[in-house]
Amino acid sequence: MSVFLGEILAHPALAAADPVVHPRGVDATSQPVRWVHSSEVLDIAPLLRGGELLLCGGITLAAATPAKREDYVRELAQRGIAALAIETGGVLPEIPPAMLEKAAEVGLPVVELRKVVPFVGVMQAINSILVSESVGHLQQADAATRAMAAELAHGASLDKILGVLAGTTGSPVRLTSPWGVTMGSAVPAGWGAADEPTDEPTDDGGAEVPGDGMVSGVAGGAPIVVDIPVRGVLMGRLEVQVPDTADRALAQVAGERAVDILGLALLQHTPPGLPALAGAELMRGVLNSAPEWRLEQLAPAAGFPVDSPALVAAINAASPQELRGAVESFLSSRRIPCAAYLDDAELVVMIGLPCTETAGERRTLVESLRGLEGDRDAVIAVGPLVRGVGEAAWSLGEARRALEVRQVRRRNASARRRYPARGLVVVDAEDVAVESLALTCLDASAREAFVNRQLRAVLEHDARRQSQLLETL
Numbered sequence: 000m001s002v003f004l005g006e007i008l009a010h011p012a013l014a015a016a017d018p019v020v021h022p023r024g025v026d027a028t029s030q031p032v033r034w035v036h037s038s039e040v041l042d043i044a045p046l047l048r049g050g051e052l053l054l055c056g057g058i059t060l061a062a063a064t065p066a067k068r069e070d071y072v073r074e075l076a077q078r079g080i081a082a083l084a085i086e087t088g089g090v091l092p093e094i095p096p097a098m099l100e101k102a103a104e105v106g107l108p109v110v111e112l113r114k115v116v117p118f119v120g121v122m123q124a125i126n127s128i129l130v131s132e133s134v135g136h137l138q139q140a141d142a143a144t145r146a147m148a149a150e151l152a153h154g155a156s157l158d159k160i161l162g163v164l165a166g167t168t169g170s171p172v173r174l175t176s177p178w179g180v181t182m183g184s185a186v187p188a189g190w191g192a193a194d195e196p197t198d199e200p201t202d203d204g205g206a207e208v209p210g211d212g213m214v215s216g217v218a219g220g221a222p223i224v225v226d227i228p229v230r231g232v233l234m235g236r237l238e239v240q241v242p243d244t245a246d247r248a249l250a251q252v253a254g255e256r257a258v259d260i261l262g263l264a265l266l267q268h269t270p271p272g273l274p275a276l277a278g279a280e281l282m283r284g285v286l287n288s289a290p291e292w293r294l295e296q297l298a299p300a301a302g303f304p305v306d307s308p309a310l311v312a313a314i315n316a317a318s319p320q321e322l323r324g325a326v327e328s329f330l331s332s333r334r335i336p337c338a339a340y341l342d343d344a345e346l347v348v349m350i351g352l353p354c355t356e357t358a359g360e361r362r363t364l365v366e367s368l369r370g371l372e373g374d375r376d377a378v379i380a381v382g383p384l385v386r387g388v389g390e391a392a393w394s395l396g397e398a399r400r401a402l403e404v405r406q407v408r409r410r411n412a413s414a415r416r417r418y419p420a421r422g423l424v425v426v427d428a429e430d431v432a433v434e435s436l437a438l439t440c441l442d443a444s445a446r447e448a449f450v451n452r453q454l455r456a457v458l459e460h461d462a463r464r465q466s467q468l469l470e471t472l
């Protein structure tokens, strides 16, 4: 079974810190913990996987601005960590109330450690327990994967293959297309009528098929969602709705271990078409800076004329697959050719444009992307136009540099011009071309020296009078 926050806080290694969970009166002890990690870095969220208990000594928090503290809490909550534990006393006498309010707002448990304990000792003690639990989960997940492979080898349906996973996890499971259409589903054996609001179940190898939708009315929080790619093309999503009585950590591991088998099953039942495969191969070529002849060879099969204008967008998003679906739907609705590829946490999209009024079409595209519907946390950097797909790697490089420019601007922004912490942001690489050139061609010391020489009088004025003349200008 999972190891829960309450058990970890009661462990002698951490109980010595006299922990208090905030907000008081809220029971967060049943929160499952996957790993214990320690870091003072406030931008740690992208490096976490979710489910961690994060230990923080409070040193960097004490020096951070209130806005940065709130961003820190929000980003950790979005990443899905189990809890944030902060040591108080010394440089940080107490956890700032505004920080606790933000944590309560986003649903992140915060543990106040009122006494000093060695974080290394805590991690060694707790993570050894978690590793033992993980080994058990891996063994169960691998057994389920072997059983699913056997079902696949015998030509079983998607429902029957999913039934093995449902039986192992004790949870309803569903396999959908990238657009949300159910392709297969199953529930554990013995799933009661009260839990099953859809069609009547049928016995299918120890699991029951629940019909066409995810089982509703099941407690346990948001479903675990695992993407199923086939040859670089997103072909489906696995959803596991874990009830309160089941082991969420086991369900997570089993779902992730089942990706290859489910990919083979989808390949057998619904193989991807040539355009999708060619598009994925084309984008891999762009990412790897393949020779122009290779990109031009792949372009027609992916729906791109060799000599048509194009651009590449680099996207950083909290939910990249969700945003990928929105961008692809938006472009296809306007009959704009595109190819998308998710490379780790970066979503890369190549977009074809007409040969006439190309600059105007690009401006319209940028404005349309800014108006994408939905509440999204993402930064889309739109690269410059190129004359054909053979130059797409250069457009991608410029888009990535535009993202770097935005990061530099955010770091250097004053409190009066603070960038929004969340929401959809579209950056046009053509608008930051000069800054991008400076980042590329000048090292940091040369850039700083240039700025100091050109703006010395203004900088000295601000330093002497504690003013913000440079910001005003």
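According to numbering that gives the first Met the number 0, the sequence shown is numbered sequentially starting from 0. A virtual CB, placed ideally from N, CA and C, is assigned to each residue, including glycine. All values derive from a computational prediction rather than experimental measurement.
Cβ neighbours of A358 within its own chain (closer than 8 Å, five residues either side excluded): L384. Assigned with DSSP and collapsed to three states, C440 falls in helix. With at least 16 other beta carbons inside 10 angstroms of its own, R247 counts as buried. Around the beta carbon of A44, 16 or more other beta carbons sit within 10 angstroms, so the residue counts as buried. Assignment of beta-bridge partners to M349 by DSSP yields V311, A338.
The count of Cβ pairs closer than 8 Å, one atom from the stretch 282–291 and one from the stretch 168–183, stays below three, leaving the stretches out of contact. At the C-beta level, P22 and L99 come within 8 Å of one another. Pairing S328 with S444, the inter-Cα distance amounts to about 44 Å. DSSP assignment within the stretch 215–271 yields the following whole alpha helix (DSSP H) runs of 4 residues or more, N-terminal first: 247–256, 258–268.
For V163, the secondary structure class from DSSP, reduced to helix, strand or coil, is helix. Apart from the 5 residues on each side of it in sequence, E86 sits with its Cβ closer than 6 Å to the Cβ of G56, G57, L112 in its chain, given in chain order.
For H21, the three-state secondary structure derived from DSSP is strand. Pairing K101 with D243, the inter-Cα distance amounts to about 26 Å. The Cβ neighbour count for R256, taken over all protein chains shown within 10 Å, is at least 16; the residue is labelled buried.
The C-beta of G179 has fewer than 16 other C-beta atoms within 10 Å across all chains shown, which makes the residue exposed.
The beta carbons of L364 and A316 sit no closer together than 8 Å. Taking C-alpha positions only, V186 is separated from S307 by approximately 49 Å. When rounded, the separation of the alpha-carbon atoms in V224 and G235 is 10 Å. Classified as buried, V172 has 16 or more neighbouring CB atoms from the shown chains inside 10 Å of its CB.
Rounded to whole angstroms, D461 and V450 show a C-alpha spacing of 14 Å.
In this chain, the beta strand (DSSP E) harbouring D427 covers 423–427. Q123 has its alpha-carbon roughly 16 Å from the corresponding atom of A84. Cβ neighbours of V229 within its own chain (closer than 7 Å, five residues either side excluded): G262, L265, L266, P271. In its chain, beyond the 5 residues on either side, P383 have a beta carbon closer than 7 Å to the beta carbon of E429. Classified as exposed, E104 has fewer than 16 neighbouring CB atoms from the shown chains inside 10 Å of its CB. When C-alpha distances from I94 are compared across V72, G50, H36, R78, the shortest belongs to V72. Distance from the Cα of R375 is smallest, within the candidate group A62, Q320, G302, L330, for Q320.
Counting along the chain, S332 sits inside the alpha helix (DSSP H) bounded by residues 319–332. The shortest C-alpha to C-alpha distance from D259 to any of A143, P274, L368 is the one to A143. Residue pairing of G183 in beta bridges, as defined by DSSP: L174.
Between L52 and L4, the gap from beta carbon to beta carbon is short of 8 Å. When only Cα atoms are considered, W292 and A392 end up about 13 Å apart. For E51, there is no enclosing alpha helix (DSSP H); the residue is found in the beta strand (DSSP E) stretching over 51–55.
Look at A66 here: in three-state DSSP terms it is helix. When the Cα atoms are used, H153 and Q406 turn out to be separated by approximately 52 Å.
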